[in-house]
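When we follow this note's numbering, the leftmost residue of the sequence shown carries the number -8, and every step to the right adds one. Notes follow the structure.
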Amino acid sequence: MDAETKEIYNAIKSGVIHLGISAHSLIFLTRKAPHDRNGPCRIKTRQFKHFDRNKCLSDLNQMPWANADGHSDPNDMWRQ
């Protein structure tokens, strides 16, 4: 509800809730928000059809993990 014009835009529900405190009430209004459609959403996926678990574990075991412990920023770790 616009305070100056008293017009209701896209109002779904409105009302007054009496709070139990003397002369105090809560006035509320629920509006329908516009849904912005900017076009299609593209999602990239990867296929793990030919994933070799043993090769992956072998690659992880060959990494110099001792160098990773000295960095607090993961980006610094991967630049080495």
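For every residue, glycine included, the Cβ atom is placed at its ideal position computed from N, Cα and C. Since we're looking at a predicted model, the values are computed, not measured.
| Query | Result |
| --- | --- |
| Within the stretch 14 to 41, note down every full alpha helix (DSSP H) run reaching 4 residues or more, in order along the chain. | none |
| Determine the direct distance from the alpha carbon of N29 to that of P65, and round the result to whole angstroms. | 34 angstroms |
| Taking just the CA atoms, how far does P25 sit from G11? | 35 angstroms |
| Less than 8 angstroms between the C-beta atoms of I8 and F19, yes or no? | yes |
| Could you tell me the distance, in whole angstroms, from the CA atom of K40 to the CA atom of N58? | 32 angstroms |
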